[in-house]
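One structure is given below, encoded as C-alpha cells.
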C-alpha cells in the first residue's frame, strides 16, 4: 500500500502499474494519533515519492480462499488477492455512490464472519447497482486481504478485511 497525507499529491496509479516507492515503512495511518503501529504494511510517501516504472503489467490470479482461511491465515494472506466463492451480508448497508469508505460484515455457511471494506474510489454506479441487486443474497467476492487491528487485547494480530477493487470483484451467486 502507498500512503500520502494528501491524496492530491499522489498520481492516479492504475491496475497493472509497477511502482517504485520511497518513503517511511509503517504499519498504521501516521495521522492516527496514539494508534499502535500494527496493520498492513504501507509506504508513507508524504516525504518521499512514487513513480511508475511500467504500465499494463498482468495482474495476479486470485487465490481461492474461505473466510476461515483469511481469519486463521491472515498474516500469510495479507496483500494477496483472494476469491471467496460464496458469502452473504450479515450486517451493514451496501455502499451507495457518493459514500465514503463503507464497511459491511459478510459471513459464510460455516458461521465465520469478516469485514469487507469498500474504499470510496471503488464505489462506482456499477458496484452500487450490483450490490443492491444482490441485497441479502449470496455473492462471490474477490479482493485484497488487508490487516487492520481493531482489538489487540489478546496481543495477537487480527482484524483482517477484504477490500474489493470494484464492481468486477462482486458477482451474484444463484
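In the working numbering, the protein residues as written are 2 to 175.
For glycine and all other residues, C-beta sits at the position ideal for the given N, C-alpha and C.
{"Asked": "The region 54–73 contacting the region 121–128, beta-carbon criterion three pairs below 8 Å", "Found": "no"}
{"Asked": "Beta-ladder partner(s) of residue 90, from DSSP", "Found": "107"}
{"Asked": "Nearest-angstrom Cα separation, counted from residue 25 out to residue 117", "Found": "27 Å"}
{"Asked": "Assigned exposure category for residue 66 - 16 Cβ within 10 Å defines buried", "Found": "buried"}
{"Asked": "Residue interval of the alpha helix (DSSP H) (run including residue 128)", "Found": "126–135"}
{"Asked": "Residue 121 in three-state terms, based on DSSP", "Found": "helix"}
{"Asked": "Nearest-angstrom Cα separation, counted from residue 115 out to residue 92", "Found": "10 Å"}
{"Asked": "Outcome for residue 148 when other beta-carbon atoms lying within 10 angstroms are tallied against a minimum of 16", "Found": "buried"}
{"Asked": "Three-state secondary structure (DSSP) of residue 100", "Found": "coil"}
{"Asked": "Buried versus exposed call for residue 37 [16 or more other C-beta atoms within 10 Å across all chains shown]", "Found": "For residue 37, the pLDDT reaches just 47, beneath the cut-off of 50, and the residue's location in the model is therefore unreliable, although a value from the coordinates is still provided. Exposed, by the Cβ-count rule."}
{"Asked": "Residue ranges of each alpha helix (DSSP H) within the region 48–82, 4 or longer", "Found": "68–73, 75–78"}
{"Asked": "Span of the beta strand (DSSP E), counted from its first residue to its last, around residue 141", "Found": "139–148"}
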